[in-house]
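See below for the structure under consideration.
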Amino acid sequence: MKPFFGYNETLEEESSDEELSFADEALVDIDVTAVELPYVGVEWIPPTFNDVKRLFSQAGLVYSDRRQSMLPGTLENLLFLQKNRALWNEATVDCAAAKNPKK
């Protein structure tokens, strides 16, 4: 796997026959914008850690001392519905309740 293919080639092209010191190599301007990397849109990756941290924080608020007897499946359903609130409304709840009546 070549993570930054093309990056080192530019450095080799700019160095002359004489050997540069480590400090000089670090200070050489490298034109990485001219090299097209095969990776697209790294800046488009959403910050998933923040979402996971928020989800666990909400789970801690829902699963309080007074709700210790709640089943894990019920907690999971509550958190799923709370996270995806834009996907359902009162009409979908009524429709689901009509399809699955309590015994």
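Quick note on numbering: the sequence shown equals residues 14 to 116 in this note's numbering. Every residue, glycine too, gets a C-beta built ideally from N, C-alpha and C.
Asked: Return the CA-CA distance between Arg-98 and Val-41, expressed in angstroms with no decimal places.; Found: 52 Å
Asked: Between the C-alpha atoms of Lys-112 and Thr-105, what's the straight-line distance to the nearest angstrom?; Found: 11 Å
Asked: Does the stretch 63-72 come close enough to the stretch 88-95 that 3 or more CB-CB pairs lie under 8 Å?; Found: yes
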